[in-house]
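Trainee: This is the structure, below, for whatever I ask next.
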Amino acid sequence: MTVQHTISQLASQCVLCGLCIPHCPTYRVFHTENESPRGRISLFKALADGDLSLSDPLFEILDHCLGCRACENMCPSQVNYSRISDLSRQLLAETIHSQQPVKQKIAQSVLQNRSLRSLAKLSGQLMKKGQPSLAHYYPVDNAIGQVLLFTGCTGELFETQTLLDGIKLLNACGYNVLIPEVQQCCGAIKRRQGDLDGMYEQMHENIEAFTPLLKDSQAIISLNNHCSGQLREYHDLMVGSDSEMMAQHSFDIITFLQHALQKKKISFQPLEHKILLHTSCSLKNVLKEESALQSLLAHIPGPGMHTLDAQICCGAAGSYRLQYPEIAEQLLDDKIQQIVLYNSSLLVSSNLGCSLHYKQGLKKQGLDIEVIHPVSLLARQLSVER
Ligand code: SF4
Ligand code: SF4
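Following this line, the structure appears as structure tokens:
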């Protein structure tokens with residue numbers, strides 16, 4: 038069966054009920070059928086069937102999709118939107134290579150993007166400042182096990198402190214932490230770009246790096262919900278016993294710690310103020326573990342927490358906020374309005390992309406609110422006398 042046939046067949050499962058539409062962030066922004074899941078599925082099908090040909094405006098409508106998977110989560114007919122989107126993006130990428138105007142447009146938008154330039158500048162600054170580098174092994178007295186840490190492509194550069202905090206907590210729970218030196222991006226970025234061959238290559242490299250170590254380790258832990266979601270889907274994306282092993286052993290640190298803290302009693306110092314929780318789309322729609330964040334943070338005594346409405350994506354969506362900053366900012370504004378209402382000085386987010394997006398938006402609005410990863414908050418509140 039050709040890729041086109043597969044897309045067409047999967048898209049035919051959509052019964053056009055429209056139940057997904059109110060949950061789609063781009064529909065909330067544009068209020069048009071084309072910018073809804075039902076509209077996109079019809080457009081992907083028409084492209085696959087050869088009833089439509091790719092143009093710049095059509096490419097942009099399809100590319101506006103944030104990949105939040107809210108539609109898939111809500112669909113009563115269980116339409117596999119992510120598979121339709123992955124295969125269609127692959128076809129679009131191939132078409133783009135043969136259509137210079139679209140290709141130029143993308144290259145231009147990336148090169149001219151201010152956020153992307155500032156991201157590159159930030160990475161340069163971090164490297165110059167010599168952030169603490171990661172040791173590869175942390176022996177624990179009376180260890181109850183060992184876990185492997187997935188740092189991915191941005192981990193050591195942007196999240197060094199978060200990684201160190203995660204290791205501190207895993208050690209406190211009795212786990213040695215091993216960081217395989219040779220590891221790759223989880224593949225989510227190439228997946229979004231429609232470069233499925235590139236994604237499979239990265240997945241293969243990670244499988245080769247991690248699975249042989251699983252004979253002495255219980256789990257593969259990621260600190261970024263987006264990577265955790267991709268790792269969990271390795272077996273859905275690639276058939277084989279190794280990809281199955283990789284997927285079955287992959288956990289987001291939130292879920293892993295939540296279970297670990299049920300077995301190991303650790304005390305945390307109380308917080309003075311109420312905290313706000315952001316639930317990422319990966320945690321809610323891909324991992325389907327949104328309650329884990331609340332349960333984990335409930336270990337910190339204090340006045341409690343409030344969870345921001347997680348129905349609609351914040352607009353970060355990996356590199357999306359760099360590609361379509363106006364849509365991303367519009368979606369973030371709704372969240373910031375909620376944050377202002379709850380008058381808290383602490384926002385907890387377990388997704389790197391979302392955290393950067395919030396930090397940028399809060400700064401722009403002059404709001405002095407700290408955005409922190411849950412493991413950093415837990416590590417900060419960890420009582421010294423353990
Ligand atoms: S909810 Fe499912 S079946 Fe209904 S329109 Fe959306 S994708 Fe199609
Ligand atoms: S994945 Fe998200 S943005 Fe894309 S069509 Fe579905 S709900 Fe809309």
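My numbering numbers the first residue of the sequence shown as 38 and each following residue consecutively.
Virtual Cβ for every residue (Gly too), placed ideally from N, Cα, C.
Classify GLY231 as buried or exposed, calling it buried when 16 or more other Cβ atoms lie within 10 Å of its own Cβ.
Mentor: By 1-based counting over the sequence shown, the position of residue 231 is 194. Classification for GLY231: buried.
Trainee: Classify ASP88 as buried or exposed, calling it buried when 16 or more other Cβ atoms lie within 10 Å of its own Cβ.
Mentor: For the purposes of this step, residue 88 is taken as residue 51 along the sequence shown, with counting starting at 1. Classification of ASP88: exposed, given that the 10 Å Cβ count is below 16.
Trainee: Can you give me the C-alpha to C-alpha distance between SER479 and PRO340, rounded to a whole angstrom?
Mentor: Nothing can be reported for residue 479, as the shown portion of the chain is limited to 38 through 423.
Trainee: Just curious, the beta strand (DSSP E) that VAL177 is in, first and last residue?
Mentor: Counted from its first residue, the sequence shown places residue 177 at position 140. Counting along the chain, VAL177 falls outside any beta strand (DSSP E), and DSSP gives it neither H nor E.
Trainee: Going by DSSP, what residues sit across from HIS315 in a beta bridge?
Mentor: For the purposes of this step, residue 315 is taken as residue 278 along the sequence shown, with counting starting at 1. Answer is SER386.
Trainee: Out of curiosity, what's the CA-to-CA distance linking VAL219 and LYS301?
Mentor: By one-based count along the sequence shown, residue 219 stands at place 182. By one-based count along the sequence shown, residue 301 stands at place 264. About 31 Å.
Trainee: For a test of your reading of the model: does the CB of CYS61 fall under 7 Å from any non-hydrogen atom of ligand 2? Yes or no.
Mentor: On the sequence shown, position 24 is the one that residue 61 refers to. Flag set: Cβ of CYS61 near ligand 2.
Trainee: For ligand 2, any of its heavy atoms closer than 7 Å to the Cβ of TYR118?
Mentor: Your numbering for residue 118 matches position 81 in the sequence shown. Because some heavy atom of ligand 2 lies under 7 Å away, the Cβ of TYR118 counts as near it: yes.
Trainee: Sort out for me which residues DSSP pairs HIS343 with in a bridge.
Mentor: On the sequence shown, residue 343 is found 306 positions in, with the first residue counted as 1. Paired residue(s): LEU313.
Trainee: Apply the 10 Å Cβ neighbour rule to LEU294 and answer buried if 16 or more other Cβ atoms are within range, or exposed otherwise.
Mentor: Taking the sequence shown and counting its residues from 1, one reaches residue 294 at position 257. LEU294 is buried by the Cβ-count criterion.
Trainee: Taking 7 Å as the cut-off, does the CB of LEU56 come closer than this to any heavy atom belonging to ligand 1?
Mentor: In the sequence shown, counting from the first residue as 1, residue 56 sits at position 19. Because some heavy atom of ligand 1 lies under 7 Å away, the Cβ of LEU56 counts as near it: yes.
Trainee: Is the Cβ-Cβ distance between TYR118 and PRO74 less than 8 Å?
Mentor: Sequence index remark: in the sequence shown, residue 118 carries index 81 (1-based). Sequence index remark: in the sequence shown, residue 74 carries index 37 (1-based). Going by C-beta atoms, TYR118 is nearer than 8 Å to PRO74.
Trainee: Since GLN306 and SER420 should fall inside the 8 Å C-beta cutoff, what is the C-beta to C-beta distance between them, to a whole number of angstroms?
Mentor: As a working mapping, residue 306 is identified with position 269 in the sequence shown. As a working mapping, residue 420 is identified with position 383 in the sequence shown. Rounded, the Cβ-Cβ distance is 6 Å, consistent with contact.
Trainee: Given 7 Å as the limit, tell me if ARG65 has its C-beta closer than that to any heavy atom belonging to ligand 1.
Mentor: Along the sequence shown, one-based indexing puts residue 65 at 28. False, no ligand heavy atom lies under 7 Å from that Cβ.
Trainee: Counting along the chain, where does the beta strand (DSSP E) carrying LEU215 start and finish?
Mentor: On the sequence shown, residue 215 is found 178 positions in, with the first residue counted as 1. Unbroken beta strand (DSSP E) run through LEU215: 212-215.
Trainee: For a quick check, are the C-beta atoms of GLY224 and MET240 less than 8 Å apart?
Mentor: As a working note, residue 224 is residue 187 in the sequence shown. As a working note, residue 240 is residue 203 in the sequence shown. Yes, Cβ-Cβ distance for GLY224 and MET240 is below 8 Å.
Trainee: Quick check: LEU430 and HIS343, are their CB atoms within less than 8 Å of each other?
Mentor: Residue coverage of the chain in this structure runs from 38 to 423, which leaves residue 430 outside it and unanswerable.
Trainee: How long is the line joining the alpha carbons of ARG229 and PRO176, rounded to whole angstroms?
Mentor: On the sequence shown, position 192 is the one that residue 229 refers to. On the sequence shown, position 139 is the one that residue 176 refers to. About 38 Å.
Trainee: Within 10 angstroms of the Cβ of HIS410, are there 16 or more other Cβ atoms? Answer buried if so, exposed if not.
Mentor: Translated into the one-based positions of the sequence shown, residue 410 becomes position 373. Label assigned to HIS410: buried.
Trainee: DSSP has ALA256 in a bridge; who is on the other side?
Mentor: Counting from one through the sequence shown, the residue named residue 256 turns up at place 219. When DSSP reads this structure, ALA256 sits in a beta bridge with VAL184.
Trainee: Could you check what DSSP says for ARG73 in three-state terms: helix, strand or coil?
Mentor: Position 36 of the sequence shown, counted from the first residue, corresponds to residue 73. The question names Arg, but residue 73 is Ser in the sequence shown. Correct three-state label for SER73: coil.
Trainee: Which residue spans inside the stretch 56-111 form an unbroken alpha helix (DSSP H) run of at least 4?
Mentor: 62-67, 74-85, 93-100, 107-111
Trainee: So, helix, strand or coil for ILE406, using DSSP?
Mentor: Your numbering for residue 406 matches position 369 in the sequence shown. Looking at ILE406 - three-state DSSP - the assignment turns out to be coil, as it is neither helix nor strand.
Trainee: Which residues mark the beginning and the end of the beta strand (DSSP E) in which SER280 is found?
Mentor: Counting from 1 along the sequence shown, the entry for residue 280 is found at position 243. It is not in any beta strand (DSSP E) - SER280 instead sits in the alpha helix (DSSP H) that spans 278-286.
Trainee: Report the rounded CA-to-CA distance for HIS42 versus ILE244, giving the unit in angstroms.
Mentor: On the sequence shown, residue 42 is found 5 positions in, with the first residue counted as 1. On the sequence shown, residue 244 is found 207 positions in, with the first residue counted as 1. The alpha-carbon atoms of HIS42 and ILE244 are separated by roughly 30 Å.
Trainee: Since ILE258 and ILE303 are thought to touch, with beta carbons under 8 Å apart, how far apart are those beta carbons, to the nearest angstrom?
Mentor: Taking the first residue of the sequence shown as position 1, residue 258 is located at position 221. Taking the first residue of the sequence shown as position 1, residue 303 is located at position 266. A Cβ-Cβ distance of about 17 Å is found for the pair ILE258 and ILE303, leaving them out of contact under the 8 Å criterion.
Trainee: Are the CB atoms of PHE81 and ALA107 within a distance shorter than 8 Å?
Mentor: Along the sequence shown, one-based indexing puts residue 107 at 70. Along the sequence shown, one-based indexing puts residue 81 at 44. With respect to PHE81, ALA107 sits apart: the two C-beta atoms are not nearer than 8 Å.
Trainee: At the level of alpha carbons, what is the spacing between LEU215 and ALA297?
Mentor: One-based indexing of the sequence shown puts residue 215 at position 178. One-based indexing of the sequence shown puts residue 297 at position 260. Taking the straight line from one Cα to the other gives about 17 Å.
Trainee: LEU103 and ALA354 look like a contact to me (Cβ under 8 Å); what is the Cβ gap, rounded to whole Å?
Mentor: Locating residue 103 in the sequence shown gives position 66, counting from the first residue. Locating residue 354 in the sequence shown gives position 317, counting from the first residue. Correct: roughly 4 Å between the Cβ atoms.
Trainee: With DSSP run on the structure shown, which of helix, strand or coil describes ASP232?
Mentor: Mapped onto the sequence shown, residue 232 falls at position 195. For ASP232, the secondary structure class from DSSP, reduced to helix, strand or coil, is coil.
Trainee: Is PRO74 near ligand 2, in the sense that its beta carbon is under 7 Å from a heavy atom of that ligand?
Mentor: Along the sequence shown, one-based indexing puts residue 74 at 37. At least one heavy atom of ligand 2 lies closer than 7 Å to the C-beta of PRO74.
Trainee: I'd like the list of long-range same chain contacts for GLN375, defined as Cβ closer than 6 Å, with 5 residues on each side in sequence excluded.
Mentor: The residue given as residue 375 occupies position 338 in the sequence shown. Hits under 6 Å: LEU345.
Trainee: Does the beta-carbon of TYR357 have 16 or more other beta-carbons within 10 angstroms, so that it is buried, or is it exposed?
Mentor: As a working note, residue 357 is residue 320 in the sequence shown. Buried.
Trainee: Skipping 5 residues on each side, what residues in its chain have a beta carbon closer than 8 Å to that of GLU326?
Mentor: As a position in the sequence shown, residue 326 is number 289, starting the count at 1. Excluding sequence neighbours, GLU326 sits near ASP289, ILE291, THR292, LEU320.
Trainee: I need the straight-line Cα distance from ARG126 to ILE44, nearest angstrom please.
Mentor: Against the sequence shown, residue 126 aligns to sequence position 89. Against the sequence shown, residue 44 aligns to sequence position 7. One C-alpha to the other measures close to 11 Å.
Trainee: For the alpha helix (DSSP H) containing ILE291, name the first residue and the last one.
Mentor: Position 254 of the sequence shown holds residue 291. Taken as a continuous stretch (DSSP letters only), the alpha helix (DSSP H) holding ILE291 covers 290-300.
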